[in-house]
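J.: Which chain is which? The protein sequence lines are A and B, in order.
Using the numbering used here, you'd call the opening residue of the first sequence number 1 and step up by one each time.
Using the numbering used here, you'd call the opening residue of the second sequence number 1001 and step up by one each time.
Ideal Cβ positions, reconstructed from N, Cα and C, are used throughout, including at glycine.
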Amino acid sequence: DQQVKQNSPSLSVQEGRISILNCDYTNSMFDYFLWYKKYPAEGPTFLISISSIKDKNEDGRFTVFLNKSAKHLSLHIVPSQPGDSAVYFCAASERNAGGTSYGKLTFGQGTILTVHP
Amino acid sequence: DAGVTQSPTHLIKTRGQHVTLRCSPISGHKSVSWYQQVLGQGPQFIFQYYEKEERGRGNFPDRFSARQFPNYSSELNVNALLLGDSALYLCASSLGTGGEKQYFGPGTRLTVT
Chain A
1 DQQVKQNSPS LSVQEGRISI LNCDYTNSMF DYFLWYKKYP AEGPTFLISI
51 SSIKDKNEDG RFTVFLNKSA KHLSLHIVPS QPGDSAVYFC AASERNAGGT
101 SYGKLTFGQG TILTVHP
Chain B
1001 DAGVTQSPTH LIKTRGQHVT LRCSPISGHK SVSWYQQVLG QGPQFIFQYY
1051 EKEERGRGNF PDRFSARQFP NYSSELNVNA LLLGDSALYL CASSLGTGGE
1101 KQYFGPGTRL TVT
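1) How should residue 1087/B be labelled, buried or exposed, when 16 other C-beta atoms within 10 angstroms of its C-beta is the threshold for buried?
2) With 7 angstroms set as the bound, which would you pick, yes or no: does the beta-carbon of residue 58/A sit closer than that to a beta-carbon of chain B?
3) Beta strand (DSSP E) containing residue 1018/B: first to last residue?
4) Name, going along the chain, the residues of the stretch 105-116 of chain A whose beta-carbon falls closer than 9 angstroms to a beta-carbon of chain B.
5) Using the three-state DSSP reduction, which class does residue 55/A fall into: helix, strand or coil?
6) Check whether the stretch 62-81 of chain A and the stretch 1010-1026 of chain B touch, using three or more Cβ-Cβ pairs below 8 angstroms as the test.
7) Apply the 10 Å Cβ neighbour rule to residue 84/A and answer buried if 16 or more other Cβ atoms are within range, or exposed otherwise.
8) Can you say whether residue 17/A is buried or exposed, counting buried as having 16 or more other CB atoms within 10 angstroms of its CB?
9) Just how far apart, CA to CA, sit residue 1070/B and residue 70/A?
10) In this structure, does DSSP put residue 1105/B in helix, strand or coil?
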């Protein structure tokens, strides 16, 4: 059962344009969402995160939007740069009934972003 | 400050053998989580340790075990290796119990022949 889904295996964008990466989830207990970027032969690198009490978080060229009713989040990169070419993973974590967060991140399958010069 | 470090970088083992992977978290981080990533998929959660206690376990067989040491470093052990255990094994550390931002190491590439 895939609780976090990234339905686009790949995305190709021209340099300077906007990249929009999408992620859907099914577990209503998820309350914290993260985006990671991964280059070959490296571990995932944290990009940006958002708590379920917010609907938007910005950090420089990166903005994450959360639509809780639709169980959907997206990552916008503006403007896109060739160095952004990588695999992007969305991930989610949940809290138990006592409010303690788990150390378990549930990841999507990833989207390969290619930014052409 | 050094990031999360993992050793070895690459490893080749034969079916039925045992393997130990090691991880050192970022200084000051008390939580370590282990993930398995097979080609074409996202990382899958294996274990989380916080303050030397197991806090979470993913859907992996008992052949997988782990522990955390007093200096917060960690080992992942896999017994009776199968071909399907071939993957990138990632370690991540975080300050708190781990549900927040986790910092990943470069991973250990395990190949089982």
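T.: So, to answer that:
1) buried
2) no
3) Here residue 1018/B belongs to no beta strand (DSSP E), and DSSP marks it neither H nor E.
4) 105, 106, 107, 108, 109 and 110
5) coil
6) No, the stretch 62-81 of chain A is not in contact with the stretch 1010-1026 of chain B.
7) Here residue 84/A is buried: its Cβ has 16 or more other Cβ atoms, across all protein chains shown, within 10 Å.
8) exposed
9) 43 angstroms
10) coil
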